[in-house]
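*Asks:* Numbering (the numbering used here), first residue to last: 8 to 994.
1) DSSP on residue 856, reduced to helix/strand/coil?
2) Judging by CA-CA distance, which residue of 991, 824, 617 is the nearest neighbour of residue 597?
3) Going by the beta-carbon positions, is the gap between residue 782 and residue 738 smaller than 8 Å?
4) By Cβ distance below 7 Å, which residues in the same chain neighbour residue 225 in space, the five residues on each side in sequence not counted?
5) Could you give the DSSP three-state label for residue 766: helix, strand or coil?
6) Considering just the uninterrupted stretch of the beta strand (DSSP E) at residue 1077, what are its terminal residues?
7) Taking residue 609 and residue 458 to be in contact with their CB atoms under 8 Å, please state how far apart those CB atoms are, rounded to whole angstroms.
8) Taking only runs of the beta strand (DSSP E) that begin and end inside the region 508 to 578, which ones reach a length of at least 3 residues, in chain order?
9) Could you give the distance in angstroms between the alpha-carbon of residue 505 and the alpha-carbon of residue 634?
10) Given residue 541, which residues of its chain have a CB within under 7 Å of its CB, disregarding the five upstream and five downstream residues?
11) Report back the beta-carbon spacing between residue 282 and residue 202 to the nearest angstrom; my notes put them in contact at under 8 Å.
12) Can you give me the C-alpha to C-alpha distance between residue 258 and residue 237, rounded to a whole angstrom?
13) From residue 643 to residue 900, what distance separates their C-alpha atoms?
14) Let's see if you can read the secondary structure: which residues bound the alpha helix (DSSP H) around residue 948?
15) Should residue 987 and residue 920 be called a contact, given that it needs their Cβ atoms to be closer than 8 Å?
16) Would you mind stating whether residue 425 and residue 480 have Cβ atoms separated by less than 8 Å?
17) For the beta strand (DSSP E) containing residue 185, list its first residue and its last residue.
18) Have a look at 355, 708, 341 and flag the residue whose alpha-carbon is nearest the alpha-carbon of residue 347.
19) Taking only the alpha-carbon atoms, compute the straight-line gap between residue 983 and residue 742 and give it to the nearest angstrom.
20) Can you find at least 3 beta carbon pairs, one from the region 286 to 299 and one from the region 315 to 331, that sit closer than 8 Å?
21) Within 10 angstroms of its Cβ, does residue 28 collect 16 or more other Cβ (buried), or is it exposed?
22) Residue 315: buried (16+ other C-beta within 10 angstroms of its C-beta) or exposed?
23) Rounded to the nearest angstrom, what separates residue 963 and residue 934 at their Cα positions?
24) Mark residue 766 as exposed unless 16 or more other C-beta atoms lie within 10 angstroms of its C-beta, in which case mark it buried.
25) Do the region 701 to 712 and the region 747 to 761 make contact, defined as three or more Cβ pairs closer than 8 Å?
26) I need the DSSP call for residue 633, collapsed to helix, strand or coil.
27) So for residue 288, helix, strand or coil by DSSP?
28) Checking 8 Å against the spacing of the C-beta atoms, do residue 917 and residue 882 come in under that value?
29) In this structure, how does DSSP classify residue 162 when only helix, strand and coil are distinguished?
30) Starting from residue 822, trace the alpha helix (DSSP H) in both directions and tell me its first and last residue.
31) According to DSSP, residue 644 sits in a beta bridge with which residue or residues?
32) Distance check for residue 683 and residue 485, CA to CA, integer angstroms please.
33) Identify, in the order they occur along the chain, each residue of the same chain with its Cβ nearer than 8 Å to the Cβ of residue 649, setting aside the five sequence neighbours on each side.
34) Using three-state DSSP, classify residue 774 as helix, strand or coil.
35) Nearest-angstrom Cα distance between residue 627 and residue 992?
36) Taking DSSP as the reference, what is the three-state secondary structure of residue 814?
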């Protein structure tokens, strides 16, 4: 049986290769006489049996019991307790309690510091070290040329009272007493505690004071220079330097300490080689890293360290996968048999999972399932199914389920996997701990900002290739509070670039959190289906690689494109004959193709496949400035849940500035007042005409503009088109109606410049697509308001239909779900009431005619096939603006609705903050769509508003107006009638 112990004293060469003069030498018989008293005692080593089998609860109980019988000098625990604390930490670590694990590792290392000088009191033996018997290595041999050393398992240590401490603090001076100490195990546990602490803290370790204290303590070196224990200290110090961020010195120490005299390995050699692999991988030196990892696994066999065998082999296998030939890493096969024969359940499970991973990533689903079965068998009824390995097993189970075409099982198994993986994720732990320390003043703003920039960064191609399971977990776990802390740090610095970047990341993360796989599936859909003009060079290369790796997915994508082309050539609403048969055949084929493609796409989403995030685009300030046309400016607002609001103004002249918006509570109250002053009390209320004849709103709107934009007249000078990216409560504010001070007196913003909106900055600028000229105009005929007459809506629908040659008015459901036919529509105009579901903001139906049916929701539309109507008008959309601004005013329903529509491929949309119905509302739509074929959307919308404002108001054709008389006749110029709808999107 593969027992957990440090190398036994099987042979001691008495050649005087290494000696130290002046050391008191105990006789061999004297050491043997202490055999039963050696610490850690045998009960401690027995706890490794359940530990290696994955029974962490039992192992924890046994390690704690061993610790209860540890040496207590009267001044506290002695160095043997380093081992108990470290291994209790290991049990917590494997069980996913990272906070408790860190507490134990810290306790072990603080004990090392408090017991400084313990090594100087060892009765060092001036013996020669020779090679021990080399164990057979099924996946060897080593190429390093080093052999495992045979060295004494125990040494005697003289322990008594510290006389200086008694002199300072009082107490009794006790005579020294000799204790036999298993020095090798204590040294191993110190190294393990340093390493694992770094594993848990990651980049945060540099900013925790204990990290520096550990390195300083190890650097004191309490033993003579030429003694072989110096090599073990070199390794410990190298690990500590790596945790402290000094990679260069760490590598030097590890290289020097890995072998005694350059030819004999010791118990910390596996740790040295493993860390050298990490440092090489960090520098992207794949060949060197793989070599170090492989050698670490070999050395670990000789020193009974199955945890290092596992980590080394799996890391070497991962680098093998990065090379991309799809073959099996052969050492895993022989290592799995070795682990099973030695009853190392955890190691065997880990190796079988690595084999399953390689098979799954290479598309060998049957082989992957076989290895997963062996992993489950090795785990048995231990605690391993709830360990990090259990999470990995479920993740791979989800992947092979998708590969086998079972989407439902894949979805469920992935959720099961992530519920386990969440508690084991060091990245999530580091992010939460950084946030906690920053809020408690345990980290400076600079340190926290640096950490957040690392921990919350966009995943790179290398991240996806090395560990897609961890990246997907992080992306699917909500972390808005941490992003907001990072944003607030950048707000304090007044850094426009960082404010814009992090603000965009927050908005994107909020949107992705509503989607399956945290936006990962969306990225792959866009990579596969978006028009070529929208892709940069990197995205084109990724599309080609994705098509090469998943040829079936590429084939299905082409098939869907062909079917959608066929549908655009057929009537939108076929009724009979060959057209109906062709329509029915094409939509059914498209349904099947899309479902098959989605299943394939989800299997790719769980694999190490890089995919750039095209939607929404994440652009830098420089990239935004280049995309802005002359006279355009973008005003981006970024809000946090703690009431902070920042504005960034970017112009086409490559100028930008940022400022904090002060008095956000007052801003919110003013927006509520403004909405009520223009008549928005209740969504269904019919308004008395006299409510719409006063002009109190003008003063409020002027105050709002001056509060939102510093020195607004100068800031907006020379701008003829303003793109507003709202956040929070600002989604409910029509910027068009704000009063701007000009040399000619107060003017509405709409009179000075065109205004449009975007859910994110990236979606507010052109994406490279040419203007769409294909497809149909679909007009959904319903009713916006209960008092609206059928005559009015009929006339409006018919006028919109007559404007465009390929138009159809729909009053009932189509033969097929709208998800599969909407990509072929050029314009979608929904003259119908749209109610939202606050609990599920993407569940509403954009087309309304098939509301509640599978495939009708906005969430469904975001799926395959890629594409949506180029321009969408939703004059019956409800927001909080229309009911007196009651309830939570987060703006999330408007942000998610607009982001969701644009994620389908829609370019521009008209969305109502409040619906008025009636003639004025229909005229806004008619004028806009009439000029849209010849004009950009923004000038077309501005023209539409100007025409409506100058027209006579017909009270009888306005269902939300009552009591209008000749002397109390509201004007169509009143913002209630025209400011409710907003133009959203890129132009």
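C-beta atoms are modelled at their ideal positions from N, C-alpha and C, and glycine is treated no differently.
*Replies:* Well, looking at it:
1) Here the question's residue 856 lines up with position 849 in the chain shown. Correct three-state label for residue 856: coil.
2) Taking the chain shown and counting its residues from 1, the one referred to as residue 597 is at position 590. When only C-alpha atoms are compared, the closest one is 824.
3) Here the question's residue 782 lines up with position 775 in the chain shown. Here the question's residue 738 lines up with position 731 in the chain shown. No; because the gap between Cβ atoms is not below 8 Å, this pair is not in contact.
4) Residue mapping note: residue 225 aligns to position 218 of the chain shown, counting from 1. Excluding residues within five positions, the ones whose Cβ falls inside 7 Å are 240, 243, 244, 247.
5) To locate residue 766, count along the chain shown from 1; it is residue 759. Looking at residue 766 - three-state DSSP - the assignment turns out to be coil, as it is neither helix nor strand.
6) What is shown of the chain runs 8 to 994, which leaves residue 1077 out entirely.
7) Within the chain shown, the letter at position 602 stands for residue 609. Within the chain shown, the letter at position 451 stands for residue 458. No, residue 609 and residue 458 are not in contact; Cβ-Cβ is about 32 Å, not under 8 Å.
8) none
9) Residue 505 sits at position 498 when you count from the first residue of the chain shown. Residue 634 sits at position 627 when you count from the first residue of the chain shown. The straight-line gap from Cα to Cα measures roughly 19 Å.
10) Stepping through the chain shown from its first residue, residue 541 is reached at position 534. If we look at residue 541 and ignore the five residues flanking it on each side, its Cβ neighbours are 621, 774, 775, 776.
11) Reading the chain shown from its first residue, position 275 is the one you call residue 282. Reading the chain shown from its first residue, position 195 is the one you call residue 202. Sure, about 7 Å apart at Cβ, within 8 Å.
12) Reading the chain shown from its first residue, position 251 is the one you call residue 258. Reading the chain shown from its first residue, position 230 is the one you call residue 237. Taking the straight line joining both Cα atoms gives about 16 Å.
13) Start at 1 with the first residue of the chain shown, and residue 643 comes out as number 636. Start at 1 with the first residue of the chain shown, and residue 900 comes out as number 893. When rounded, the distance between both Cα atoms is 18 Å.
14) Sequence index remark: in the chain shown, residue 948 carries index 941 (1-based). Where residue 948 is concerned, the enclosing alpha helix (DSSP H) stretches over 944 to 956.
15) Sequence index remark: in the chain shown, residue 987 carries index 980 (1-based). Sequence index remark: in the chain shown, residue 920 carries index 913 (1-based). In contact: residue 987 and residue 920 (Cβ atoms closer than 8 Å).
16) The sequence position of residue 425 within the chain shown is 418, counting from 1. The sequence position of residue 480 within the chain shown is 473, counting from 1. Against a cut-off of 8 Å, the Cβ pair of residue 480 and residue 425 comes out as a contact.
17) Numbered from 1 along the chain shown, position 178 holds the residue referred to as residue 185. Taken as a continuous stretch (DSSP letters only), the beta strand (DSSP E) holding residue 185 covers 184 to 188.
18) Numbered from its first residue, the chain shown carries residue 347 at position 340. Residue 347 has its Cα closest to that of 355, out of 355, 708, 341.
19) For the purposes of this step, residue 983 is taken as the residue at position 976 of the chain shown. For the purposes of this step, residue 742 is taken as the residue at position 735 of the chain shown. Taking the straight line from one Cα to the other gives about 13 Å.
20) yes
21) To locate residue 28, count along the chain shown from 1; it is residue 21. Any reading at residue 28 must be qualified, since the residue scores a pLDDT of 28, below 50, and its modelled position is unreliable; the value itself is stated next. So residue 28 ends up on the exposed side.
22) Numbered from 1 along the chain shown, position 308 holds the residue referred to as residue 315. Answer is buried; the Cβ neighbour count reaches 16.
23) Reading the chain shown from its first residue, position 956 is the one you call residue 963. Reading the chain shown from its first residue, position 927 is the one you call residue 934. If you take the alpha carbons of residue 963 and residue 934, they lie about 21 Å apart.
24) Here residue 766 refers to the residue found at position 759 of the chain shown. Under this definition residue 766 is a buried residue.
25) yes
26) Numbered from 1 along the chain shown, position 626 holds the residue referred to as residue 633. Residue state, collapsed to three classes: helix.
27) Position 281 of the chain shown, counting from 1, holds the residue named residue 288. Looking at residue 288 - three-state DSSP - the assignment turns out to be helix.
28) On the chain shown, position 910 is the one that residue 917 refers to. On the chain shown, position 875 is the one that residue 882 refers to. For residue 917 and residue 882, yes; Cβs fall inside 8 Å.
29) Here residue 162 is taken as the residue at index 155 of the chain shown, counted from 1. Strand, per DSSP.
30) Translated into positions along the chain shown, residue 822 becomes position 815. Where residue 822 is concerned, there is no enclosing alpha helix (DSSP H), given that its DSSP letter is neither H nor E.
31) The sequence position of residue 644 within the chain shown is 637, counting from 1. 654, per the DSSP bridge assignment.
32) The residue you call residue 485 lines up with position 478 of the chain shown. The residue you call residue 683 lines up with position 676 of the chain shown. Distance between the alpha carbons of residue 485 and residue 683 is about 35 Å.
33) Working through the chain shown from its first residue, we reach residue 649 at position 642. The answer, listed in chain order, is 491, 495.
34) Translated into positions along the chain shown, residue 774 becomes position 767. In this structure, residue 774 counts as coil in the three-state DSSP scheme.
35) Counting from one through the chain shown, the residue named residue 627 turns up at place 620. Counting from one through the chain shown, the residue named residue 992 turns up at place 985. Each residue's Cα considered, the two are about 18 Å apart.
36) Position 807 of the chain shown, counting from 1, holds the residue named residue 814. Strand, per DSSP.
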